[in-house]
Every structure is written in structure tokens, then in C-alpha cells.
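Enquirer: Sequential numbering of the sequence shown, starting at 2, is according to my numbering.
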Amino acid sequence: MTQIDASAPPRKVQLEDIPVKPGMTKEELAVVFDVADHPTNERSAIALDLYFNALVYANNQGLSLEKTSCLLGIFKATHEKSMAERMTIEKSFGFFKLLALQSSVHRPPYSLGILNFAEMKDMTEYALSTYFRYYKLYQYAFTDLVRMDIRPATPILETPGANAFESLGVAYPKEEWAEKQKELAEKAAEAKARAEEEAAAIEEAEREALLKAEYEAAIPSEVTTKVQEALAASMEAMREQLEEKFAAQEEALLAKIAALEAK
Numbered sequence: 002m003t004q005i006d007a008s009a010p011p012r013k014v015q016l017e018d019i020p021v022k023p024g025m026t027k028e029e030l031a032v033v034f035d036v037a038d039h040p041t042n043e044r045s046a047i048a049l050d051l052y053f054n055a056l057v058y059a060n061n062q063g064l065s066l067e068k069t070s071c072l073l074g075i076f077k078a079t080h081e082k083s084m085a086e087r088m089t090i091e092k093s094f095g096f097f098k099l100l101a102l103q104s105s106v107h108r109p110p111y112s113l114g115i116l117n118f119a120e121m122k123d124m125t126e127y128a129l130s131t132y133f134r135y136y137k138l139y140q141y142a143f144t145d146l147v148r149m150d151i152r153p154a155t156p157i158l159e160t161p162g163a164n165a166f167e168s169l170g171v172a173y174p175k176e177e178w179a180e181k182q183k184e185l186a187e188k189a190a191e192a193k194a195r196a197e198e199e200a201a202a203i204e205e206a207e208r209e210a211l212l213k214a215e216y217e218a219a220i221p222s223e224v225t226t227k228v229q230e231a232l233a234a235s236m237e238a239m240r241e242q243l244e245e246k247f248a249a250q251e252e253a254l255l256a257k258i259a260a261l262e263a264k
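1) Taking 8 Å as the cut-off, decide whether the C-beta atoms of I75 and F97 are in contact.
2) Quick one: using the 10 Å Cβ neighbour count with 16 as the cut-off for buried, is Q103 buried or exposed?
3) Using the rule of at least 16 other Cβ atoms within 10 Å of the residue's Cβ for burial, across every protein chain shown, is T3 buried or exposed?
4) What ranges does the alpha helix (DSSP H) occupy inside the segment 53 to 118, keeping only unbroken runs of at least 4 residues that lie completely in it?
5) Less than 8 Å between the CB atoms is what I'm expecting for V36 and P20, so what's the real figure, rounded?
6) Between the segment 135 to 147 and the segment 65 to 75, do at least 3 Cβ pairs fall closer than 8 Å?
7) How is I157 classed by DSSP in three states: helix, strand or coil?
8) Is A37 helix, strand or coil when you go by DSSP?
9) Mark M149 as exposed unless 16 or more other C-beta atoms lie within 10 angstroms of its C-beta, in which case mark it buried.
10) Identify whether L185 lies in helix, strand or coil by the three-state DSSP scheme.
11) Which value, in whole angstroms, describes the spacing of the CA atoms of A194 and E180?
12) Check for me: the alpha helix (DSSP H) holding K137 runs from which residue to which?
13) Within 10 angstroms of its Cβ, does L255 collect 16 or more other Cβ (buried), or is it exposed?
14) Should L72 be labelled buried (16 or more other beta-carbon atoms within 10 Å of its own) or exposed?
15) Can you tell which of I157, T144, L64, A248 has the C-alpha that lies nearest to the C-alpha of A117?
16) Comparing C-alpha positions only, which one of M121, Y136, D123 sits nearest to L51?
17) Could you give the DSSP three-state label for M2: helix, strand or coil?
18) What distance in whole Å lies between the Cβ atoms of D123 and Q62, which are believed to be in contact at a cut-off of 8 Å?
19) Could you give the DSSP three-state label for I279: helix, strand or coil?
20) If you drop the 5 nearest sequence neighbours on each side, which residues of the same chain put their C-beta closer than 8 Å to that of A1?
21) What would DSSP say about V32, mapped onto helix, strand or coil?
22) If you draw a straight line from the alpha carbon of Q242 to that of E43, how long is it in whole angstroms?
23) Roughly how many angstroms separate the alpha carbons of E81 and R152, rounded to a whole number?
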């Protein structure tokens, strides 16, 4: 594994070091990811399929154990954070892209060049065609179901006691009575205003929820294009940075060789 100075500031997102070995079976992977209950737990079974398919992909690509561990760490971190925080698909892919870039550009301690550009690109395309293609299904499977049971209760009628009302001998002067009635009217008006504000807020929340639902329903037909455009732009910017860096290094090296030959 690549070593960095322990006293240096850490990367923005630390990846878990996944222990892998050649010929790793599905049951061994279940123990590593703590989903050994997959035969009886549907969520564990889904997560295990995600990680095992990623392992098979890494093996088919001929990735080293270090690169395979990095790839599995990226998928695990993306899936757990996305499901725990109920991220939208755009935010989830943005987090995945951050992990991919920080694992493919060697700028210790901020990023480590474990994967090269081609491997990162292939991994991203694999993620788009698998995990993010069925992202809605993962959200459905890993979102807790909230159910509310309402039961009608029999009303209880209470008869006021003998001392429930004040004696008629206790009376207010006309001015004091009018003042109390005014206070009661003001309180009633304030309560009505609060109720109207709450009703308006509820109506606005329902309208926003409806708009959000309609928007999310239209996402699948547009997400792939948006994601690919964002990825292409990021890849192009990174490629230009790498080319400038390599050109500067090559120029410096040629200058040193020329200086040595002059001696």
C-alpha cells in the first residue's frame, strides 16, 4: 500500500482498507463486509451482491489486490453514505466521483494515485451501468418503512362538579368584563392566525413534495446524460492538469540532462 506521512492532514474522505485475497469466495466477502446474515436478511443479501459483483469486475479487469481493495472501499463508502443520508442520485454520484478522483491523482496527503486514469474511467462506467442505473431500487430496499396505526377511542363525558363554576355572587365590573372579553378575542384571533399559517405551511410542503415527486419521476431519462457530461468535463480538466504537470517535469529533466552534458 502507498505510505504517506502520518502527521500530514488526511484526505477529505478516508476509505476503509478492505482486506482481499486471490480467489476470494462470496462467503468470505460476506464476513469481511459484516453481512454474514445474508441468507435471512434481504438488505445484507443485496449489499453482498453489490460488493461481490464489484469484486468480480475487479478480477476480470486484472486489478491488483491494492486496487481491488480501493475499488471495494469506494463502492462501500458510496453505498453506505448514500443510503444513510438518503442522497439524491446526483449527490450520490458526486460523492462517488470525489472518491474516484482522490484515489487516482497522486497528490499526498490529499489524494493517492492508486488507480490510473483508464481504470478510474472504466470503474465509473461500470458504476453507472450497475449501481446508479438501479439507484432507485437500492433506495427503495434500504429505506425504512414507517407505518402509523390509528385507533378510534370512545369519548369520555365528564359531568362538572358542584364547585366547577364560580358563585353568582362573584361578578366583574362592566369595564373589567369588557377588558377580559377583549383579551379573549385577541387570543382567539392570534390562534386563528397561527392555524392559518400552519395550514398554509402544510399546503406549501405538500405542493413542494408533489413537485419533487414529479421531478424525481422524470430523472431516469435525464440522469445518464447529465452524469456523463459532468464526468467528461471533470476527466478533461484532470487530463489537462496531468499533461501540464508531465510537460513541466519533462522540461525540467531535459534541462538537467543538458546541464550535465555541458559539463
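By construction, the Cβ of each residue, glycine as well, lies at the ideal position given by its N, Cα and C atoms. Note that this is a predicted model, so its numbers are computed, not measured.
Expert: Taking the definition as stated:
1) The sequence position of residue 75 within the sequence shown is 74, counting from 1. The sequence position of residue 97 within the sequence shown is 96, counting from 1. Yes, they are a contact pair.
2) Counted from its first residue, the sequence shown places residue 103 at position 102. Q103 should be labelled buried.
3) In the sequence shown, residue 3 corresponds to position 2, counting from 1. With a pLDDT of only 38 at T3, under the threshold of 50, the placement of this residue in the model should not be trusted; the figure read from the coordinates follows. So T3 ends up on the exposed side.
4) 66 to 85, 90 to 103
5) For the purposes of this step, residue 36 is taken as the residue at position 35 of the sequence shown. For the purposes of this step, residue 20 is taken as the residue at position 19 of the sequence shown. Contact flag wrong, Cβ pair sits at about 15 Å.
6) no
7) Within the sequence shown, the letter at position 156 stands for residue 157. I157: coil per DSSP, three-state reduction.
8) Against the sequence shown, residue 37 aligns to sequence position 36. Three-state DSSP puts A37 in coil, outside helix and strand.
9) Residue numbering aside, residue 149 sits at position 148 when the sequence shown is read from its first letter. Under this definition M149 is an exposed residue.
10) Start at 1 with the first residue of the sequence shown, and residue 185 comes out as number 184. Correct three-state label for L185: helix.
11) Within the sequence shown, the letter at position 193 stands for residue 194. Within the sequence shown, the letter at position 179 stands for residue 180. Going from the Cα of A194 to the Cα of E180 covers about 21 Å.
12) Start at 1 with the first residue of the sequence shown, and residue 137 comes out as number 136. Taken as a continuous stretch (DSSP letters only), the alpha helix (DSSP H) holding K137 covers 136 to 143.
13) Mapped onto the sequence shown, residue 255 falls at position 254. Under this definition L255 is an exposed residue.
14) For the purposes of this step, residue 72 is taken as the residue at position 71 of the sequence shown. Burial call: buried.
15) Counting from one through the sequence shown, the residue named residue 117 turns up at place 116. Per the sequence shown, the amino acid found at residue 117 is Asn instead of Ala. With distances taken between Cα atoms, N117 lies closest to L64.
16) As a working mapping, residue 51 is identified with position 50 in the sequence shown. With distances taken between Cα atoms, L51 lies closest to Y136.
17) Your numbering for residue 2 matches position 1 in the sequence shown. With a pLDDT of only 39 at M2, under the threshold of 50, the placement of this residue in the model should not be trusted, and no figure is reported.
18) Counting from one through the sequence shown, the residue named residue 62 turns up at place 61. Counting from one through the sequence shown, the residue named residue 123 turns up at place 122. So it is a contact: roughly 7 Å between Cβ atoms.
19) Because the chain is modelled from 2 through 264, residue 279 falls outside the range shown and cannot be assessed.
20) Past the boundaries of the shown model lies residue 1; the chain is included only from 2 to 264, so the question cannot be answered.
21) Here residue 32 corresponds to residue number 31 of the sequence shown, with the count starting at 1. Helix.
22) Looking up residue 242 in the sequence shown gives position 241. Looking up residue 43 in the sequence shown gives position 42. If I take the Cα positions, the gap works out to 44 Å.
23) Start at 1 with the first residue of the sequence shown, and residue 81 comes out as number 80. Start at 1 with the first residue of the sequence shown, and residue 152 comes out as number 151. Going from the Cα of E81 to the Cα of R152 covers about 37 Å.
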